[in-house]
Amino acid sequence: MPTNSAFSVVVSTLGRSDELCPLLSSLQQQSNTELEVIIVDQNDDDRLQSVLAQQNIQCAIKHIRAPGERGLSRGRNRGWKVSQGDYVVFADDDCWYPPELFAKVAQIFGETGADIVCGRAADEHGRSINGRYEERKQWIDRRNVWTTSIEWMVFFRRGVLEQLDGYDETIGVGAATPWQAAEGQDILLRALDAGHSCYFDPDIYGHHAELNISQPDKSMRRKALGYARGMGFVLRKHRFGIASAAKWIARPAVAALLYTFKWQPQRALYYVNVTRGRLEGFLRISLMNQTDPLKLGCVQPALRIGIGIATAGRANVLSETLRLIAKQTELPEKVVLCPMAASDIEPDVLASLPYEVVLVESGSGLTAQRNAILSRAADLDVIVFFDDDFFPEPNYLTNAKALLRDNQNIVLATGVLIEDGIHGPGLDPDIAREKLLLSTPPLYEREKEENYYGVYGCNMVVRLAPVREAHLRFDEVLPHYAWQEDIDFSRQMAPFGRIVRSPALTGIHLGTKRGRTSGVRFGYSQIANPIYLMRKGTMSVPFGLRTMVRNFGANLAKSLAPEPHVDRMGRCAGNFLAIKDIFRGCLHPSRILQMR
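To convert a position in the sequence shown, counted from 1, into our numbering, add 17.
The structure is reproduced here in structure tokens:
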């Protein structure tokens, strides 16, 4: 293979300017001249304009402005998707490369046939820095992936990136999660799982400033915590066993003890943070109260937030909800609508809205609709599920962003309602709209939220990182109205962080009765769904029993003088059918599909 193969160098940068000069100068000096440089600029200002103007670099430079976007992995993905080279490398904005590096890498690709080639970090004398590396050439596998790579010395055939869809944006510096590193090992492990070959050669290396861990300051110790969480998380994500994880957690713990005995407290604290971070990451928890956006030593990313609405048989009410969303102080990136039929939406209303509306199709039932919405939220960080008859306060999205930005350990949130029509005949839209106008929009205040067992499905704010990482979905075994699906989804999310109710998130739930399931079906679900979820393990037995007893008792008591808007007799009949099916051994949520 000729050594002049085309390379794309992708640089995602934030908060730096002059630091890019050594990198750009080293690219100018490469013996392989077929280079393109793609700079993904996440700065809010124009600091790079003068730096780029001063550089006498002959290779093509694409300067992509991405103000407001945050996250190293996100920037890398933005860059490689517009690249043209046969090979792609993701340079740090403060690293630089020896003149023959790219020619050597092209030669190794040709000699080995590898899909990915990795090198190491070194000082200008070739001494390894900023990590431990193997000393001989070798193929990479799960055993040695942690000692054969550093992100800015990993070269990909572009087909690998296309198949894997690049980096996991929930991992890495600036990600909207506590997992602030190890995105490089994550993508290598995903590549190995997909059958790609990865090769390490210690003879190829790049340069970087050496990290000071002999006298680490407070900032370095904070970074160590965030970076170590990333490693622990990737160990868990890729199912490394307890023994493997214990080895990586025990090593810094031993170092912490050693430097304690040597009376080097700063260095000991550094390794304490590494130990703690790896443990927290492996357990997928964060023991730190993350109310300070700079706790992890990184700039907080902007959150891309959208709204998802599943709807059926309420076109006029849906239109009112969509008009109110247009009055949000911050508009959503998009609204994903999943109607059951074309008649469920009013096209004229959609055309008049100031935000993007995406229509998706699904199978029947609320859970299937919400899963279809999740599938179309790949470009979002947060999806807010509204019922089609939920009228949000104008600052709902603004407050939701602030809540998740300031509390990275919150994965799911719901609001405190001004009024809920579900407990009565339902609210008139005009009256609800008037009440919204008269109410004082709440201001977001830190630490006002309360931990909650499960969110209320009419308004639920979902951080999508754990949803993607664990492939979480609403349970489609729960058909039609899918009663208690919000509790089931909440308990699936619970291992990944806090579930809260916040007074800063509010609105009015109309509780519109049109489009809801029949009394018999709903009564059956009041018994069948909790029992199914208790057996599944996503609803605690005390919670499930209280729910069933409360609803069964209410149906019995109120069936003597039922409310005009509630089919109490139908619900009682459904309750008794479910109890009968318990004794027959055929109780199941899907049985309502056979009922009227």
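Here a beta-carbon is modelled for each residue, glycine too, at the ideal position from N, C-alpha and C.
For Glu467, DSSP records a beta bridge to Arg518. In this structure, the alpha-carbon of Ala595 lies about 24 angstroms from that of Gly474.
Where Met612 is concerned, there is no enclosing beta strand (DSSP E), because DSSP gives it neither an H nor an E.
Within the same chain, and ignoring the five residues on either side of Arg175 in sequence, the residues whose Cβ sits closer than 8 angstroms to its Cβ are Ser25, Trp97, Ser100, Gly102, Asp103, Tyr104, Val105. In the three-state reduction of the DSSP assignment, Pro411 falls in the coil class, being assigned neither a helical nor a strand state. Rounded to the nearest whole angstrom, the C-alpha separation of Arg463 and Leu429 is 16 angstroms. Sequence-distant Cβ neighbours of Thr194 in its own chain, meaning closer than 6 angstroms and more than five residues away, are Thr187, Ala482. Excluding its 5 nearest sequence neighbours in each direction, Asp58 has C-beta neighbours in its own chain below 7 angstroms: Thr30, Leu65, His80, Ile81, Arg82, Ala83, listed in chain order. In this structure, the beta-carbon distance from Gly323 to Arg387 does not fall below 8 angstroms.
By the criterion of at least three beta-carbon pairs nearer than 8 angstroms, the segment 125-143 is in contact with the segment 205-221. When the five nearest sequence neighbours on each side are left out, the beta carbons in the same chain lying within less than 7 angstroms of the beta carbon of Arg538 are those of His497, Gly591, Ile609, Met612, in order along the chain.
The C-beta distance from Tyr287 to Arg238 rounds to 5 angstroms, short enough to fall under 8 angstroms. DSSP places Leu339 within a helical segment (H, G or I) once states are collapsed to three. Per DSSP, the continuous alpha helix (DSSP H) segment holding Arg95 begins and ends at 89-97.
The three-state reading of DSSP puts Cys112 in strand, counting E and B together.
Residues Thr187, Ile188, Arg246, Gly247, Phe250, Gly298 of the same chain have their beta carbon placed closer than 7 angstroms to that of Trp196, with the five preceding and five following residues left out of the count. Closest by C-alpha distance to Thr431, out of Asn468, Gly380, Glu168, Ala23, is Asn468. The beta carbons of Val352 and Val374 sit closer together than 8 angstroms. In the three-state DSSP reduction, Leu376 falls in the strand class (E or B). Going by beta carbons, Val583 and Arg518 fall outside the 8 angstroms limit. Unbroken alpha helix (DSSP H) stretches of 4 residues or longer found wholly inside the segment 242-300: 259-278, 282-300, given in chain order. Counting only residues of its own chain and dropping the five nearest sequence neighbours on each side, Ile516 has a CB closer than 6 angstroms to the CB of Leu429, Tyr469, Ser507. Per DSSP, the continuous beta strand (DSSP E) segment holding Phe24 begins and ends at 24-30. Between the alpha carbons of Lys530 and Gly443 lies a distance of about 7 angstroms. The three-state reading of DSSP puts Gln155 in strand, counting E and B together. Rounded to whole angstroms, the separation of the alpha carbons of Ile55 and Tyr184 is 16 angstroms. Under a 10 Å Cβ-count criterion, His488 is classified as exposed, with fewer than 16 other Cβ atoms of the shown protein chains found around its own Cβ. If you draw a straight line from the Cα of Ala578 to the Cα of Gly441, it is about 15 angstroms long. DSSP, reduced to helix, strand and coil, places Arg144 outside both helices and strands of the structure shown, so it counts as coil. When beta bridges are read from the DSSP output, Lys344 appears opposite no residue. Among the bridge pairs identified by DSSP, Thr328 is matched with Pro356. Collapsing the DSSP output to three states places Met170 in a helix. If you draw a straight line from the Cα of Ala332 to the Cα of Tyr372, it is about 18 angstroms long. Counting only residues of its own chain and dropping the five nearest sequence neighbours on each side, Leu89 has a CB closer than 6 angstroms to the CB of Ser29, Gly189, Val190, Gly191. For Asp447, the closest of Val478, His142, Asp406 by C-alpha to C-alpha distance is Asp406. DSSP places Pro219 in the uninterrupted beta strand (DSSP E) bounded by 215-225.
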